[in-house]
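To start, the structure itself, in C-alpha cells.
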Amino acid sequence: MRIATTLLILAFSAPAFAADTKPQAGKAGGSDNPVVCKREVPIGSLIASRKVCLTKTEWEARSVRGNEEARRQAFENMARNPTPGN
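The number in this note's numbering is simply the position in the sequence shown, starting from 1, with 7 added.
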C-alpha cells in the first residue's frame with residue numbers, strides 16, 4: 008500500500024517536473040500575474056501530452072489542491088491499512 012501512496016504523490020507532482028515555463032504575452036492582465044504554459048504528460052504515456060496555460064496564481068492554487076488531495080488520500084489509506092506491529 009505504501010507503493011500506491013508513493014505513486015499517487017508522484018502523480019500529482021509529475022506535471023511540475025515537466026514544466027514549460029514560457030509566459031505568453033497578451034493573455035494575462037498584469038505583469039504581477041503572468042500566464043505560464045506547461046506541458047503535461049499523462050501517467051503511463053510516453054507520447055501523449057497537452058499544453059495547459061494558467062496564471063501564476065492558478066498554478067499555485069492547483070499545486071496546493073493537489074498536495075492536499077494527496078495528503079488526504081495518504082491519511083485515509085493509513086487509517087484503512089494500519090502498519091502491522093505498531
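Every residue gets a Cβ at the ideal spot worked out from N, C-alpha and C, and that includes glycine. Since this is a predicted model, take the numbers as computed values, not measurements.
Practice problem: Can you grab the Cα-Cα spacing for the pair P110 / K63, in whole Å? | Solution: Missing from the structure shown is residue 110; the chain here goes from 8 to 93 and no further.
Quiz prompt | Any C-beta of chain B under 8 angstroms from that of K45 | solution = Of the protein chains in this structure there is only one, and it is not chain B.
Quiz item: From which residue to which residue does the alpha helix (DSSP H) around T64 run?
Solution: K63 to R87
Quiz item: Under a three-way DSSP split, which group does V43 fall into?
Solution: strand
Practice problem: Counting only the same chain and skipping the five closest in sequence on each side, list residues whose C-beta sits under 7 angstroms from that of S56. | Solution: R46, E47 and V48
Quiz item: Among A68, K58, S52 and L53, which has the Cα closest to the Cα of N40?
Solution: A68
Quiz item: From R79 to L61, what does the alpha carbon distance come to, in whole angstroms?
Solution: 25 angstroms
Practice problem: For V71, count neighbouring Cβ atoms within 10 angstroms of its own Cβ and tell me buried if that reaches 16, exposed if not. | Solution: exposed
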